[in-house]
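K.L.:
In order, the protein sequences belong to chains H and Y. 1624 is the number that our numbering gives to position 178 of the first sequence; each next residue is one higher, with no gaps. 1760 is the number that our numbering gives to position 314 of the second sequence; each next residue is one higher, with no gaps.
2 protein chains.
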Amino acid sequence: MSTAAQRLSGQPMFQLLARVQDMQREGRDIVRFEIGDTSFPVDQKIVEATQQALSDGHVKYVNSQGMPELREEICQHIRKTHGFLPDPQQVLVMPANGVIDVLMNCIVNPGESVLIPDPGFPTYRAAANHLGVEVQTYRQLEGEDRFYVDPEEVMVRILSQTRLLIVNSPNNPTGMTVTENEAQSLYQVAHERDVYVLSDEVYSRLIYDGEAFSVSQYDHCRERTILLNSFSKGYGMSGWRLGYAVGPVDVIEKMTLLFETVSSCFPPFIQQAGVVALQNDNDGGMVYRQILQESRDLMVGLLNEIPGVSCFVPPGAMYVFADIAGIGMSSQEFSDIALDRAGVSLLPGTNFGQEGEGYVRLCFARDLETIKEGCERLKACFSSNFKKNETIRLHRTVSR
Amino acid sequence: MSTAAQRLSGQPMFQLLARVQDMQREGRDIVRFEIGDTSFPVDQKIVEATQQALSDGHVKYVNSQGMPELREEICQHIRKTHGFLPDPQQVLVMPANGVIDVLMNCIVNPGESVLIPDPGFPTYRAAANHLGVEVQTYRQLEGEDRFYVDPEEVMVRILSQTRLLIVNSPNNPTGMTVTENEAQSLYQVAHERDVYVLSDEVYSRLIYDGEAFSVSQYDHCRERTILLNSFSKGYGMSGWRLGYAVGPVDVIEKMTLLFETVSSCFPPFIQQAGVVALQNDNDGGMVYRQILQESRDLMVGLLNEIPGVSCFVPPGAMYVFADIAGIGMSSQEFSDIALDRAGVSLLPGTNFGQEGEGYVRLCFARDLETIKEGCERLKACFSSNFKKNETIRLHRTVSR
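1) Quick one: which chain Y residues come within Cβ less than 7 Å of leucine 1704 of chain H?
2) Starting from the N-terminal side, write out each stretch of the beta strand (DSSP E) that is 3 residues or longer and does not extend beyond the stretch 1646–1726 of chain H.
3) Any chance you could list the alpha helix (DSSP H) runs of at least 4 consecutive residues sitting entirely within the stretch 1558–1640 of chain H, in chain order?
4) So the candidates are H:Asp1813, H:Glu1647 and H:Asp1769; which of them puts its Cα closest to the Cα of glutamate 1740 of chain H?
5) Looking at C-alpha atoms only, which residue of H:Ala1542, H:Leu1577, H:Thr1569 and H:Glu1480 is the closest neighbour of serine 1559 of chain H?
6) Of all the beta strand (DSSP E) runs that stay within the bounds of the stretch 1726–1810 of chain H, which reach a length of 3 or more residues?
7) Hey, quick one: how far does the alpha helix (DSSP H) through valine 1548 of chain Y stretch, first residue to last?
8) Taking 8 Å as the cut-off, does the stretch 1760–1779 of chain H touch the stretch 1722–1731 of chain H (at least 3 CB pairs, one atom from each stretch)?
9) Would you tell me roughly how many angstroms separate the C-alpha atoms of asparagine 1614 of chain H and alanine 1573 of chain H, rounded to the nearest one?
10) Below 7 Å on C-beta distance, what does leucine 1500 of chain Y contact in chain C?
11) Which same chain residues end up closer than 6 Å to arginine 1687 of chain Y when comparing Cβ atoms and leaving out the 5 residues on each side of it in sequence?
12) If the cut is a Cβ gap below 9 Å, which residues of chain Y does threonine 1527 of chain H touch?
13) In terms of DSSP beta bridges, what is leucine 1644 of chain Y paired with?
14) Apart from the five residues just before and just after leucine 1611 of chain H, which ones in its own chain have a Cβ nearer than 6 Å to its Cβ?
15) Pull up the DSSP beta-bridge partners for threonine 1478 of chain H, would you.
16) Scan the stretch 1575–1605 of chain H for residues whose Cβ lies nearer than 7 Å to a Cβ of chain Y and list them as they occur along the chain.
17) What did DSSP end up calling valine 1539 of chain H once you bin it into helix, strand or coil?
18) Using a C-beta cutoff of 8 Å, does serine 1448 of chain H count as contacting chain Y?
19) For arginine 1742 of chain H, would you say it is in contact with chain Y, using Cβ-to-Cβ distances shorter than 8 Å as the test?
20) I'd like to check one pair, leucine 1632 of chain Y with valine 1600 of chain Y: are the Cβ atoms closer than 8 Å?
21) Residues of chain H with CB under 8 Å from isoleucine 1553 of chain Y, in chain order?
22) Which residue's Cα is closest to the Cα of phenylalanine 1593 of chain H: H:Val1624, H:Met1469 and H:Lys1818?
23) Taking 8 Å as the threshold (beta carbon to beta carbon), is arginine 1687 of chain H in contact with chain Y?
24) Which residue comes first and which comes last in the alpha helix (DSSP H) that contains histidine 1504 of chain H?
25) Can you list the residues of chain Y that phenylalanine 1715 of chain H reaches, using a CB-CB cut of under 7 Å?
26) So threonine 1569 of chain H contacts chain Y; which residues on that side make the cut at Cβ distance below 7 Å?
27) Closest Cβ-Cβ distance between lysine 1847 of chain Y and chain H: below 8 Å?
28) For the stretch 1535–1550 of chain Y, which residues have a CB atom closer than 7 Å to at least one CB atom of chain H, in sequence order?
29) Does the pairing of the stretch 1463–1483 of chain Y with the stretch 1691–1709 of chain Y give three or more beta-carbon distances under 8 Å?
30) In three-state terms, what does DSSP make of aspartate 1489 of chain Y?
31) Taking a contact to mean a Cβ-Cβ separation below 8 Å, would you say phenylalanine 1712 of chain H touches glycine 1557 of chain H in this structure?
32) When DSSP labels each residue in this structure, what does proline 1534 of chain H get in the three-state scheme?
33) Any contact of the stretch 1769–1777 of chain Y with the stretch 1450–1462 of chain Y, i.e. 3+ C-beta pairs under 8 Å?
34) Are any of the Cβ atoms in chain Y nearer than 8 Å to that of isoleucine 1481 of chain H?
35) Please report whether the beta-carbon of glycine 1566 of chain Y lies at a distance below 8 Å from any beta-carbon of chain H.
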């Protein structure tokens, strides 16, 4: 095996998934809060558009960068959501996870580094590892009533060999969104230190409170920001694997060449579904978001009733990142016990980086009954563990 | 940009494609023999299976290695076509071009080398280039009435740093298939020199003369062979991007981890189409093949009528690799003139390696009228170029 292969390690989430599926096959009744996917059916218009594209014969090779009609639609969509109109030459259509890998491959050399949030989406680290790229992290901090990012800390963590800063808002796993001031400051930092910025906005359609601000607003993806978005989360289209990057033309050209080399092109009938999804996005996902918001509020309320557990109301994404330090267990212990004794699967915060110690992630994109059942199980299981005088903030002592 | 990005160069075919499409938009009538795709509609059963899978809600994340039912179906298919039954753990479902990249990434280090056919499929070289893997080549030789590969030459070309040998049968661009003796000798060479073998069989459903032999038959993909196949060519499903690798479990495990890192999984409704394609493959593509064979025979006959052009009858794939040395032009000149003056797009043999000098590749997966029209245009354009006493075998003097 190559050294690149040796650097590959399975993501703990997939290992947990396999274990949960085994337990379910054995007849165990598991409430599943671990995977970041919705059980909502995909909009029938999108399904039918895919079927129609198949009937219409959109089934052969197409432009590697993406079909012109979809790239044009993406540009118009960004004009609506971000207030600037990219050129279709700035757009590459491909799976969103692949964008992370292809972008790093194109702008960061092995031995150079990428600066990622901790806690943060595990694929950032996995992609860096397999490419031999060094990883630096900046923290997500706990404020009064929200997680936040400190642009000054980001500034300090950018080293001479740092090529890429990743900003993920709304954030997985914390649900954090950056404010206008934070977005501007982060862009300013990137500009001053001359690094590229990946603005991972795959949860941008799932913002419940406040407005969305994007670091891409300052250079319109023409100089250093690469906007990443996906249809997986916002439209519930995870199985389509449809995403896109918008960035400086020279970066997108290189990314296209790499995507062309490894994949030729993206299935055209799936791209047609993307066109229809964007064209019919009149309410910006309002209905979908209202349902999720109700689920979110229920889960946050119920979790906060468990002694020793506390969580913020996440303004975006589909996760509650709950502080379980008061229970007196590590994240991994808590998660193992939740699964084994309560039949509730969730992810230890440490899956998202060492700053995640003392937290667990639960996906709230579930129906209300499931959320009630799962939270009741957790409460029954862990309430006895809470000892008021032992509420050490474990994650602080461990990693800060 | 990273050094990996600097190593990326566009494949000439895609540049030609863009040029042809521009000419067509300007109203030029182009007979297109360049792209390796069929105009046949995809089997209605496969289209309907994809549509049904969408209606049935197969639209969310699935197992990264591939859905169990498709991997099982692939194993049964290989039992029928190759005479051995792999374990589903030996199978990874992903786009076929991606398999080349992911496999090289997992078993060859930068600075180590891969041994590929020349002429050969350009993605082998493109993937190696972007990974920083060295490329060695072995030739496809012209015999009496066929191209062939000399296992002794392959043996000599394997160096101490060679990790992977690629065998492509039926071959793109020559249509060559390996005989039983050649397959056995190639496996023996790989075994003696302890290298992995990628057996790229994406054209295996398109064999018109003789039988298919695979280097994978000797170790059943358990020790050193990795069988690569795809639904793109054999089922005309190019837009689906559906392919698979079968190999030693430890290699497939690493490849799965890498695929999971960059893509999470492959669209489930496309995988369902694969299940149906294999389940309904009762005649092994007989009808499809008969149509293509008629096209092949027509094209070979017509090309051989052009003075200065000669070609073998390719036993497999969908290309004629025609020797145009008698015309007294380089491959690139011939191709440029064919497009500009005759309105026929085809690929210079040099797109496939330096041993392709003196040849051009034409895809015969076209209807008979198109083939007649294109070949007549070529004959009218080039007949005057033929001067009997100048039939130097250009490709021999240039590169052998």
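Note that beta-carbon positions come from the ideal geometry of N, C-alpha and C, so glycine has one too. Everything numeric in this text was worked out from a predicted model, so none of it was measured.
P.N.:
In this structure, then:
1) Taking the first residue of the first sequence as position 1, residue 1704 of chain H is located at position 258. The contacting residues are Leu1454 and His1576.
2) As far as the stretch 1646–1726 of chain H is concerned, its whole beta strand (DSSP E) runs of at least 3 residues are 1671–1676 and 1689–1692.
3) Residue ranges of uninterrupted alpha helix (DSSP H) with 4 or more members, entirely inside the stretch 1558–1640 of chain H and ordered along the chain, are 1568–1577, 1597–1603 and 1626–1639.
4) Your numbering for residue 1740 of chain H matches position 294 in the first sequence. Closest by alpha carbon: H:Asp1813.
5) For the purposes of this step, residue 1559 of chain H is identified with residue 113 of the first sequence, where counting begins at 1. Ranking H:Ala1542, H:Leu1577, H:Thr1569 and H:Glu1480 by Cα distance to serine 1559 of chain H puts H:Leu1577 first.
6) If one requires a minimum length of 3 residues, the beta strand (DSSP E) runs lying completely within the stretch 1726–1810 of chain H are 1765–1769 and 1805–1809, in chain order.
7) The residue given as residue 1548 of chain Y occupies position 102 in the second sequence. For valine 1548 of chain Y, the enclosing alpha helix (DSSP H) has its first and last residue at 1542–1553.
8) No: the two stretches stay apart, fewer than three of their Cβ pairs being nearer than 8 Å.
9) The sequence position of residue 1614 of chain H within the first sequence is 168, counting from 1. The sequence position of residue 1573 of chain H within the first sequence is 127, counting from 1. Roughly 16 Å between the two C-alpha positions.
10) Included in the structure are the protein chains H and Y, with no chain C among them.
11) Within the second sequence, residue 1687 of chain Y is the residue found at index 241, counting from 1. Around arginine 1687 of chain Y: Pro1541.
12) Here residue 1527 of chain H refers to the residue found at position 81 of the first sequence. Here the premise fails: no neighbours, minimum Cβ distance about 24 Å.
13) Here residue 1644 of chain Y corresponds to residue number 198 of the second sequence, with the count starting at 1. Bridge partners of leucine 1644 of chain Y: Y:Ile1612 and Y:Ile1672.
14) What you label residue 1611 of chain H is simply residue 165 of the first sequence in a count that begins at 1. Correct list, in chain order: Leu1561, Ala1636, Val1641 and Val1643.
15) Translated into the one-based positions of the first sequence, residue 1478 of chain H becomes position 32. In the sequence as presented, threonine is not what sits at residue 1478 of chain H; that position holds arginine. Residue pairing by DSSP places arginine 1478 of chain H opposite H:Ser1791 in a beta bridge.
16) Within the stretch 1575–1605 of chain H, the residues whose Cβ lies closer than 7 Å to some Cβ of chain Y are His1576, listed in chain order.
17) In the first sequence, residue 1539 of chain H corresponds to position 93, counting from 1. Here DSSP, grouped into helix, strand and coil, assigns valine 1539 of chain H to strand.
18) Stepping through the first sequence from its first residue, residue 1448 of chain H is reached at position 2. Closer than 8 Å to some Cβ of chain Y, the Cβ of serine 1448 of chain H qualifies, so yes.
19) Residue numbering aside, residue 1742 of chain H sits at position 296 when the first sequence is read from its first letter. It does not: the Cβ of arginine 1742 of chain H has no partner Cβ on chain Y nearer than 8 Å.
20) Translated into the one-based positions of the second sequence, residue 1600 of chain Y becomes position 154. Translated into the one-based positions of the second sequence, residue 1632 of chain Y becomes position 186. Yes, these two residues count as a Cβ contact at 8 Å.
21) Taking the first residue of the second sequence as position 1, residue 1553 of chain Y is located at position 107. Among the residues of chain H, those whose CB is under 8 Å from the CB of isoleucine 1553 of chain Y are Met1447, Ser1448 and Ala1451, following chain order.
22) As a position in the first sequence, residue 1593 of chain H is number 147, starting the count at 1. For phenylalanine 1593 of chain H, the nearest C-alpha among the options comes from H:Val1624.
23) Translated into the one-based positions of the first sequence, residue 1687 of chain H becomes position 241. So, interface residue.
24) As a working note, residue 1504 of chain H is residue 58 in the first sequence. Where histidine 1504 of chain H is concerned, there is no enclosing alpha helix (DSSP H), because DSSP gives it neither an H nor an E.
25) For this step, residue 1715 of chain H is matched to residue 269 along the first sequence. Residues of chain Y passing the Cβ test: Gly1685.
26) By 1-based counting over the first sequence, the position of residue 1569 of chain H is 123. Simply Thr1707.
27) Outside the shown range of chain Y, which is 1447 to 1846, sits residue 1847 of chain Y, and nothing can be said about it.
28) Going along the stretch 1535–1550 of chain Y in chain order, one finds Pro1541, Asn1543, Gly1544 and Asp1547 with a Cβ nearer than 7 Å to chain H.
29) Judged by Cβ distances under 8 Å, the stretch 1463–1483 of chain Y makes no contact with the stretch 1691–1709 of chain Y, as fewer than three pairs qualify.
30) The residue you call residue 1489 of chain Y lines up with position 43 of the second sequence. Aspartate 1489 of chain Y: coil per DSSP, three-state reduction.
31) Counting from 1 along the first sequence, the entry for residue 1712 of chain H is found at position 266. Counting from 1 along the first sequence, the entry for residue 1557 of chain H is found at position 111. No; because the gap between Cβ atoms is not below 8 Å, this pair is not in contact.
32) Your numbering for residue 1534 of chain H matches position 88 in the first sequence. Three-state result, proline 1534 of chain H: helix.
33) With the cut-off at 8 Å, the stretch 1769–1777 of chain Y and the stretch 1450–1462 of chain Y do not touch.
34) Translated into the one-based positions of the first sequence, residue 1481 of chain H becomes position 35. Chain Y contact via Cβ: present.
35) Translated into the one-based positions of the second sequence, residue 1566 of chain Y becomes position 120. Taking Cβ atoms only, chain H never reaches closer than 8 Å to glycine 1566 of chain Y, which makes this a no.
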